[in-house]
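Q: The numbering used here puts the first residue of the sequence shown at 2, with every later residue one more than the last.
We treat Cβ as the ideally placed atom computed from N, Cα and C, and that holds for glycine.
Before we start, here is the structure in question, set down as structure tokens.
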Amino acid sequence: MYRVVKIQKVLDEAKGIKTFLFEDSSEPTPGQFYMVWLPGIDEFPMSISYIGALKGFTVKKIGYGTSKMHELSSGAKLWIRGPYGKGFNYVKGKALVVGGGSGMATLAPLIERLDAPDIVIGARTKADLLFVERFKDLAPYISTDDGSAGFHGYAPQLAEQLVNENKYDIIYACGPELMLKPLIELAKRRHIEIQASLERLMKCGIGICDSCSINGYRVCVDGPVFSTQVLFNMRDLGKVRRDASGNKEVLS
Ligand SMILES: Cc1cc2nc3c(=O)[nH]c(=O)nc-3n(C[C@H](O)[C@H](O)[C@H](O)COP(=O)(O)OP(=O)(O)OC[C@H]3O[C@@H](n4cnc5c(N)ncnc54)[C@H](O)[C@@H]3O)c2cc1C
Ligand code: FES
């Protein structure tokens, strides 16, 4: 069930974030993910961030597995399975896309298929901003927590300003749950549709182990992209998640 792909190119995208481009005949839709296995190291979920002649994973160095992946260069091999999960659905009308940190990796192929969306790219600092150059023709709105570039504050605050000034039919989002929570509340208050890609700890990626479950949904098969009504009713989102042993832990 795994196939081996060879890395064709590695791109430095932002602080601690690299893209690995490879050839693969699978046909993912934006928002879907793959399980990436580095034999002897670990296996972890990665969204598809480039869909074209070459496909790509854009990987933020977080811990052991992603650090080892960052050591790979052109010619190295990845063992992958997928694409898995449900991606984004296209909704007609004006879109606002909000990406926090490496969440922009998941949103990037969607942005390339939308008709002139407004984009908010948020990050902690200027050095952490992902894909500002890739989407420069769409003049993205920028927010940084420390004010080192663009709006000084959090991405949902900037999104709220845009919602006050424009009429949007849909908000697409990906980022930390603590960023998604206020965006979902904003969509609810302003009666705007929303789709958000969630990140939960995954082991099997195919609906067997339950490690990614949240309020009765398995993120790997029912998501990772969820839409309006489900998101409005997900009471654990931004509050509680499961650790590697399946125990619930409170998010701070
Ligand atoms: C659907 C989905 C898509 C993702 N897409 C991207 C992406 O495009 N770019 C990106 O940089 N990151 C993405 N992530 C997060 C990425 O999977 C984790 O950052 C990575 O697993 C961390 O592994 P590590 O060994 O470096 O971290 P460590 O903290 O050393 O180890 C974490 C352990 O938990 C496992 N694990 C499984 N799922 C997760 C998870 N969701 N978060 C953290 N650990 C997890 C890892 O395999 C590892 O065994 C995605 C996660 C999900 C669920
Ligand atoms: S990762 Fe196993 S059920 Fe979702």
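(1) Where VAL6 and GLN162 are concerned, what is the direct C-alpha to C-alpha distance, given to the nearest angstrom?
(2) Identify, in the order they occur along the chain, each residue of the same chain with its Cβ nearer than 8 Å to the Cβ of ASN252, setting aside the five sequence neighbours on each side.
(3) For the region 212-227 against the region 185-192, do three or more pairs of beta-carbon atoms, one drawn from each stretch, fall closer than 8 Å, so that the two count as touching?
(4) Please name the residue or residues paired with THR20 in a DSSP beta bridge.
(5) If you count every other CB in all the chains shown that lies within 10 Å of the CB of PRO40, and 16 or more means buried, which is it?
(6) List the DSSP bridge partners of ARG114.
(7) In chain order, what residues of the same chain lie with their CB nearer than 6 Å to the CB of MET79, ignoring the 5 residues before and after it?
(8) Do you know whose CA, among ASP119, GLU24 and LYS16, lies nearest ARG4's CA?
(9) For ASP237, which residues in the same chain have their Cβ closer than 6 Å to its Cβ, ignoring the five residues on either side in sequence?
(10) Which residue from THR59, ILE49, LYS87 and LYS69 puts its Cα closest to that of ILE42?
(11) Can you tell me whether LYS249 sits near ligand 2, meaning its C-beta is under 7 Å from at least one heavy atom of the ligand?
(12) Starting from ALA156, follow the alpha helix (DSSP H) in both directions and report where the run begins and ends.
(13) What three-state label does DSSP hand TYR3 in the structure shown?
(14) Just verifying my parser: in three-state terms, what is the DSSP assignment at SER144?
(15) With respect to the alpha helix (DSSP H) encompassing PHE233, which residues constitute its N-terminal and C-terminal limits?
(16) Check the C-beta distance from ASP146 over to LYS16 and give it rounded, since I have them as a contact under 8 Å.
(17) GLY224 CB to nearest chain B CB: under 8 Å?
(18) Using DSSP bridges, identify the partner residues of ALA174.
(19) For the candidate residues GLU186, TYR142 and GLU134, whose alpha-carbon lies nearest to that of ASP119?
(20) Can you grab the Cα-Cα spacing for the pair LEU299 / GLY151, in whole Å?
A: Let me lay it out:
(1) Rounded to whole angstroms, VAL6 to GLN162 spans 43 Å at the Cα level.
(2) One point to set straight first is that residue 252 is Leu, not Asn, in the sequence displayed. Only GLU178, LEU179, GLY239, LYS240, VAL241 and ARG242 meet the Cβ criterion.
(3) A contact is defined here as three or more CB-CB pairs under 8 Å, and the region 212-227 fails this definition with respect to the region 185-192.
(4) LEU12 and THR59, per the DSSP bridge assignment.
(5) Exposed.
(6) ARG114 pairs with nothing; no bridge assigned.
(7) Reading off the sequence shown, one finds Leu at residue 79, where the question assumed Met. Hits under 6 Å: VAL6 and VAL37.
(8) Looking from the CA of ARG4, the closest CA among ASP119, GLU24 and LYS16 belongs to GLU24.
(9) Leaving aside the five residues that flank ASP237 on each side, the residues in its chain whose CB is nearer than 6 Å to its CB run, in chain order, ILE215 and ASN216.
(10) Comparing Cα positions, the closest option is LYS69.
(11) No, the Cβ of LYS249 stays beyond 7 Å of every heavy atom of ligand 2.
(12) Bounds of the alpha helix (DSSP H) holding ALA156 are 156-166.
(13) Residue state, collapsed to three classes: coil.
(14) It is a strand residue.
(15) Looking at the DSSP string, the run of the alpha helix (DSSP H) that includes PHE233 is 229-233.
(16) Wrong, their Cβ atoms sit about 14 Å apart, outside the cutoff.
(17) Within the model displayed, chain B is absent; a lone protein chain is all it includes.
(18) DSSP output for ALA174 lists VAL99 and ALA197 as bridge partner(s).
(19) If you compare the alpha carbons of GLU186, TYR142 and GLU134 with that of ASP119, the shortest gap goes to TYR142.
(20) The requested residue 299 is not part of the displayed model; the chain covers only 2 to 253.
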